[in-house]
Amino acid sequence: MVDAGHGGKDNGAYRNYGGAEKVATLDVAKRLERKLRESQLKTVMTRSDDTFISLDQRVAIENSQKNAVFVSIHFNDSRRRGIHGFETYYHSPASRDLAATIQTKLMTIPHSMNRGVKTANFRVLRLATYPAVLVECGFLSNRLEGGGARDSEYRELLADRIAEAIVEVRYGEGVYHAAAAPVTNELSPPALARPRISARQFTARLEFFSAFLAPGGCDNDERNKNNRGEKRERFRIVGVTGGVAETHRQFCFHHSGVGSEQVA
Ligand SMILES: [Zn+2]
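Per the numbering used here, the very first residue in the sequence shown carries number 333; after that it's consecutive.
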């Protein structure tokens, strides 16, 4: 069950950076639904266009299919523009594993910030018969994440990580990529077999985020070379959002020029 938050007269949050929440949630939900279908899961969407669906209608849909899992897609909002990060909510103990797995997968996205797996009394979670979670895919009010919400490649990345988590919880590790294998570069060593984003996309994104990020150091690791002897570099990125310096995730990338980006 894929639930795109809001819709119709209910815009959800609306911010300059991210646009209307209902638009971003629908797009991520559609991408997620397609990925799940490609992984041989039976899927149902609570809405597939810009329609208003009440919370009670959503609950009725979510409980209509036996042994379904329900994943509600939302984006967050804050008056403080520096606030950012992913949150995954659940209510019943049976939903905890799914929530934790989704959050873990989202944390593999570059510059992701972990705001935690949390419990909440949201109606679609409280009244769910089967495992149900609600994912807050970042803050529209934040320049970095709001910009991401407007970026189709970033929304694809969100959908990919959530789909991977759902398939993993259902069928175990490794199944997701076997079912929906991306095009891989034969020159890539095993660690690079899974393309994330291209070097060009990565560079463009880094430039876009440059207002937030100041390089915090770089150390070349001689042991980290790809199969063509090209060196992997490790950078530490320090965010200076909201005037508060925060250390973000470490990441590595190859100067290989083959478009295979691996983010640690
Ligand atoms: Zn929402």
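Using N, Cα and C, we set each Cβ at its ideal position, and we do this for glycine too.
Runs of the beta strand (DSSP E) lying entirely within the segment 414 to 451 and spanning at least 3 residues, in chain order: 418 to 422, 446 to 451.
Comparing alpha-carbon positions, the option among Ala481, Leu457, Gly479 lying closest to Val403 turns out to be Leu457. For His416, the shortest separation between its Cβ and any heavy atom of ligand 1 does not lie below 7 Å. According to the DSSP assignment, Ser404 belongs to the beta strand (DSSP E) that extends over 402 to 408. The C-alpha of Val401 is placed about 12 Å away from the C-alpha of Ser424. Not one heavy atom of ligand 1 lies closer than 7 Å to the C-beta of Ala361.
With a cutoff of 8 Å on beta-carbon distance, Arg447 and Gly417 are scored as near each other.
The C-alpha of Ala464 is placed about 22 Å away from the C-alpha of Val355.
The beta-carbon distance between Tyr508 and Ala495, rounded to whole angstroms, is 7 Å. This is short enough to meet the 8 Å contact definition. Ala491 sits in a helix when the DSSP states are folded into three classes. Set against 7 Å, the gap from the CB of Ala431 to the closest heavy atom of ligand 1 is not smaller. Close CB contacts of Ser410 within its chain, under the 8 Å cut and outside five residues either way in sequence, are with Phe471, Ser473, Asn474 (chain order).
By the criterion of at least three beta-carbon pairs nearer than 8 Å, the segment 335 to 342 is in contact with the segment 351 to 366.
If you draw a straight line from the Cα of Thr383 to the Cα of Asn343, it is about 10 Å long. The criterion of a C-beta distance shorter than 8 Å is not satisfied by Ile385 and Thr375. For Leu373, no beta strand (DSSP E) encloses it, and the DSSP letter there is neither H nor E. Judged by beta-carbon spacing, Leu438 lies beyond the 8 Å limit of Arg390, meaning their Cβ atoms are not closer than that value.
Counting only runs of at least 4 residues, the segment 462 to 488 fully encloses the following alpha helix (DSSP H) elements, listed from N- to C-terminal order: 475 to 481.
Leu490 is positioned such that its CB atom lies closer than 8 Å to that of Cys469. For Asp388, the uninterrupted alpha helix (DSSP H) run begins and ends at 387 to 394, by DSSP. Close CB contacts of Gly479 within its chain, under the 6 Å cut and outside five residues either way in sequence, are with Tyr349 (chain order). Look at Arg347 here: in three-state DSSP terms it is strand. Counted as a single uninterrupted DSSP element, the alpha helix (DSSP H) harbouring Arg455 occupies residues 455 to 458. Nearest in C-alpha terms to Leu373, of all of Thr357, Ser444, Arg347, Gln397, is Gln397.
No Cβ-Cβ contact shorter than 8 Å links Val467 with Thr436.
A direct Cα-to-Cα measurement between Leu358 and Ala432 gives close to 23 Å. Secondary structure note for Asp342: it is in no beta strand (DSSP E), with a DSSP letter that is neither H nor E.
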